[in-house]
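Take the sequence shown: its letters are residues 59 to 634, numbered as in this note's numbering. Here's the structure we're looking at; comments come further down.
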Amino acid sequence: MLAIVYAIVTPPFEKPDEPWHFAYSMYVANTGRLPIQRMDSERQTHLAEQEGSQPPFYYLLHAALLRLSNNVPSVSGFQALTVPNPFYPGQDQANINQFLRLPCDDVAACRTVERGVMIGRALSILFGLIALSAAWWALRLAFPTTPQVGVMGVGLMAFTPMFLHISSSVSNDAATVAATTVALAAALWMREKGVTTRKLLLVGGLCGLATISKISGATVLPVVLMMGVAGYGLSQMVQRALLIVSGWLVVVSPWMIRNLYLYGEPTATAVHLQIYDVSATPRSYGQQFGEWMAVIDSAWGTFGWGALVLPAEFYFVVRIVVLILLGSAIWRFVRGWGYYTLPPRLVIAGAIMQIVMIVLLLAQWMRLTVAPLGRLLFPAYFSLCLILALGLLALVPTKRGPVAGAAVVMAWAVCATLIATSVIRPAYRHLPPSASFSNTAQRVDIDFGRGLKLIAYEMPSQMAHNGALPVTLHWQTEQPLPPNIAEALVLLDLEGNELLRAHSFPDGGRWPMAAWPLGESVTDRQRVVFPADFDHSSVRVGLMLFRYDFTSGATAPFADDWRLVELGRVDVVASY
Numbered sequence: 059m060l061a062i063v064y065a066i067v068t069p070p071f072e073k074p075d076e077p078w079h080f081a082y083s084m085y086v087a088n089t090g091r092l093p094i095q096r097m098d099s100e101r102q103t104h105l106a107e108q109e110g111s112q113p114p115f116y117y118l119l120h121a122a123l124l125r126l127s128n129n130v131p132s133v134s135g136f137q138a139l140t141v142p143n144p145f146y147p148g149q150d151q152a153n154i155n156q157f158l159r160l161p162c163d164d165v166a167a168c169r170t171v172e173r174g175v176m177i178g179r180a181l182s183i184l185f186g187l188i189a190l191s192a193a194w195w196a197l198r199l200a201f202p203t204t205p206q207v208g209v210m211g212v213g214l215m216a217f218t219p220m221f222l223h224i225s226s227s228v229s230n231d232a233a234t235v236a237a238t239t240v241a242l243a244a245a246l247w248m249r250e251k252g253v254t255t256r257k258l259l260l261v262g263g264l265c266g267l268a269t270i271s272k273i274s275g276a277t278v279l280p281v282v283l284m285m286g287v288a289g290y291g292l293s294q295m296v297q298r299a300l301l302i303v304s305g306w307l308v309v310v311s312p313w314m315i316r317n318l319y320l321y322g323e324p325t326a327t328a329v330h331l332q333i334y335d336v337s338a339t340p341r342s343y344g345q346q347f348g349e350w351m352a353v354i355d356s357a358w359g360t361f362g363w364g365a366l367v368l369p370a371e372f373y374f375v376v377r378i379v380v381l382i383l384l385g386s387a388i389w390r391f392v393r394g395w396g397y398y399t400l401p402p403r404l405v406i407a408g409a410i411m412q413i414v415m416i417v418l419l420l421a422q423w424m425r426l427t428v429a430p431l432g433r434l435l436f437p438a439y440f441s442l443c444l445i446l447a448l449g450l451l452a453l454v455p456t457k458r459g460p461v462a463g464a465a466v467v468m469a470w471a472v473c474a475t476l477i478a479t480s481v482i483r484p485a486y487r488h489l490p491p492s493a494s495f496s497n498t499a500q501r502v503d504i505d506f507g508r509g510l511k512l513i514a515y516e517m518p519s520q521m522a523h524n525g526a527l528p529v530t531l532h533w534q535t536e537q538p539l540p541p542n543i544a545e546a547l548v549l550l551d552l553e554g555n556e557l558l559r560a561h562s563f564p565d566g567g568r569w570p571m572a573a574w575p576l577g578e579s580v581t582d583r584q585r586v587v588f589p590a591d592f593d594h595s596s597v598r599v600g601l602m603l604f605r606y607d608f609t610s611g612a613t614a615p616f617a618d619d620w621r622l623v624e625l626g627r628v629d630v631v632a633s634y
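In C-alpha cells, the structure reads:
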C-alpha cells in the first residue's frame, strides 16, 4: 500500500531517469523491436537516450502490458509531458519539477502516456512485492530458529524510503532486486531440498533473469555458484557450476549475441557509456572518496530526481546508524562465525560477496562520472539489508530481538509514510485558488498588462544572510496566458544596482500561467537563496516577468518592454 502512495504522490516522469525508461518501453510497444543505439543523435530512432542500452526484461513486460491494455503511448503525448524545466533544480528546491506541468493540446494522448506511466509503476510495485517475498523465503531458510532476522531484514527492505521511491517508478531497478533476491532464495532452497539437474538449471536461469534486468544483476551469479557448489568434491563442484552457468547462458545468450552483432561486445556497456558522455579522463578513487557519504544518503532517500532532499541532520543520523550497524555486523561475524550453521554462513558470505562486487562496480562508475547514486547499489539491496539487520540484532539481547525487530520496522514504516505525505506530496502540488490572504500580505494591485494583475505579495522584512528569502505572490488573470511566461526575483542594493536574480516558472513550475483559472486568485511561491558570501545589510526586492523560448532558450519581455516592479526592502541580519 505504501508503494502505491509513493507512485501516486509523484507526478509522471519526476523519478530518476523515468522518461528514458518509459521511452524504451514505448518504443518496444510501438515497434515490437528493441531499440538500437546510434552515436549520431540525429539518426537515433528512439527517445530512451543511454537507457536504450539496458537489458530488456522489464521493458518487454511493460511493453506487453501497454499493448494488452490497449494503452500504447504516442511520441507526441510523451513529448508534451516532458518539456524540461529550464530552471531546475533552482535554488533551495524552488524548482523541484524536472518537467513543466503544461496544458496538453492533445489531452487523449497525454492521458494515454500518464496511464502508461502508472502501468509501469504498478509493474515495479509487483516486482517489489516479489523481492520482499523472496527475501522472507531466503531468511526463513537461512535462519529458521530466529524469525526476527526475517522480520528485520524484510522490514528494512520494505520501508526504506528510497526503495519505495524507486520500486514505484518506471525503471528496471525493482525487477533487478526481485530477480537477484529470488535467485538467492532459490539457491538456498535447492541446497535444503536436494540438488538436481533441473534445479541447477533453474537457479542459473534465475541468475540470467537478473542479468537481463540490469547488467549489474549478473553479480548474483558468482554468489549462487558459491552457494550451489560449496562443501562438495571437486568433480561435483565443476559439474554443478557448469549446469548453473548453462542455465544462465540459455537466458542471456539471445541478448548478448544481439549486442555482439550490433556493438561488438556482449553487454552494450561501451555504447551506453559513450551516449552517457562519461569523462574522458577517469577520476582517481581519492577524488570520489567524499562522494560515498552521498551514496549512503541517496540509498536511504533522496526524492524526485534527487534534488528533493531532507534536512542535513537526517542524513547525518542515517550515516552514523549505517556505520554503527556495519561495524556491529562485522564484529559479530568475526567473534561468532563458528556459531553459525552452513545455511546462514552461505547467505552471509554471499551477501558480503555481492556487496563487495557492487561497491567495486559503483566505484568504477564513479571514476567515469560524478554519480554518487545509492540506487546503483540496489542489485545488492537484499544483501545490504541482511547485513544491517544482523548488525542491529547483534546490539540487543537475544530475548529482546523480536521486540527490537518489530519496533524498528514500525519506526521505519512511520518515517517512510511521513516522507511521502509531508515531503514529496507537498513538493509537487500547487495551492488551490483562494480569495483570502494572510494578515502579512501587502495589497498592491499592480497591472502587468494582458489581463494579468499582481494583487498582493508576502515577504518577511528580515532574513538571515545565509538563508532563503520566501516570496509569495498572489495573481489574478482575466484572459488566457501562454505557457512560456516565467518570473525573475531580482535583488538590488540600496542604490539600485542588481546583486542577483532567481528565475522560475510560476510556483516552481508546478502551475504555469496557461493553466490558471480566469478571475481567481492564484498563489505563486518563490524563493531566493542568499549566497554564503553575501555582505549587504539591506536589499530591495524586485519582480520581473518575461517570455521564455523553449526551443532556443531566448528571453523576451512579457509585454512591450522590460519592467521591474519593486516589492519592498528586506534587512539581512547575521545568523547565529
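Where is the CB? At the ideal position from N, CA and C, for every residue including glycine. Only a predicted model underlies this, so the values are computations on that prediction, with no experimental measurement involved.
Where Ala614 is concerned, the enclosing beta strand (DSSP E) starts and stops at Thr613 to Pro615. The Cβ atoms of Phe563 and Asn153 lie closer than 9 Å to each other.
The three-state secondary structure of Glu371, taken from DSSP, is helix. Its Cα nearest to that of Val417, the residue Pro430 stands out among Pro430, Ala407 and Gln520. Around the beta carbon of Gly252, fewer than 16 other beta carbons sit within 10 angstroms, so the residue counts as exposed.
Out of Ile333, Ser342, Ser191 and Ile273, the CA that lies nearest to the CA of Trp313 is found in Ile273.
When the Cα atoms are used, Trp389 and Thr475 turn out to be separated by approximately 33 Å. Taken in chain order, the unbroken stretches of alpha helix (DSSP H) that lie wholly in the segment 217–244 and span 4 residues or more are 219–224. Residue burial is scored here from C-beta neighbours: Ile378 has fewer than 16 other C-beta atoms within 10 angstroms and is therefore classed as exposed. In the structure shown, the three-state DSSP call for Pro564 is helix. With the rule of 3 Cβ pairs closer than 8 Å, the segment 129–145 counts as touching the segment 75–93.
If the five residues before and after Ala471 are omitted, its C-beta is found closer than 6 Å to the C-beta atoms of Phe217, all from its own chain and listed in chain order. In its chain, beyond the 5 residues on either side, Ile445, Leu448 and Gly449 have a beta carbon closer than 6 Å to the beta carbon of Ala387. Under DSSP, Gln584 takes part in a beta bridge, and its partners are Val529. Within the same chain, Cβ atoms closer than 6 Å to the Cβ of Asp565 are found at His488, Asp582 and Arg583, the five residues on either side in sequence being excluded. Taking the C-beta atoms as reference points, Leu419 is found nearer than 9 Å to Leu434. Annotated three-state conformation of Val454 is coil, per DSSP.
The C-beta distance from Glu76 to Val228 rounds to 5 Å, short enough to meet the 8 Å contact threshold.
When DSSP reads this structure, Ile543 sits in a beta bridge with Arg605. Our two residues, Phe372 and Leu60, have alpha carbons roughly 21 Å apart in a direct line.
The C-beta distance from Gly275 to Pro437 rounds to 5 Å, short enough to fall under 8 Å.
Secondary-structure assignment with DSSP links Gln520 through a beta bridge to Asp629.
In the structure shown, the three-state DSSP call for Asp593 is coil.
According to the DSSP assignment, Phe157 belongs to no alpha helix (DSSP H), since it is labelled neither H nor E. Under the 10 Å beta carbon count, Ser271 is surrounded by 16 or more other beta carbons and is classified as buried. A distance below 6 Å between beta-carbons, with the five flanking residues on each side excluded, links Gln412 to the following residues of its chain, in chain order: Thr277, Val281, Ala438 and Ser441.
By the CB criterion at 9 Å, Gly509 and Thr535 fall inside the cutoff. One alpha carbon belongs to Arg458, the other to Met468, and they sit about 15 Å apart. Runs of the alpha helix (DSSP H) spanning 4 or more residues and lying entirely within the segment 139–207 occur at 165–200, in chain order. Under the three-state reduction of DSSP, Glu624 is assigned to strand. Per DSSP, Phe506 lies in no alpha helix (DSSP H); the unbroken beta strand (DSSP E) holding it starts and ends at Gln500 to Gly507.
Taking the Cα of Ala526 as reference, the smallest distance to any Cα among Ala560, Arg173, Leu246 and Leu184 is reached at Ala560. Distance from Ala245 to Met210 at the Cβ level is roughly 21 Å; contact not present, criterion being Cβ atoms closer than 8 Å. In the structure shown, Arg390 falls within a helical segment according to DSSP collapsed to helix, strand and coil. Restricting attention to Ser610, Gly305, Val392 and Val630, the CA atom closest to the CA of Val599 is found in Val630.
As DSSP reads the structure, Leu366 sits in a beta bridge with Phe361.
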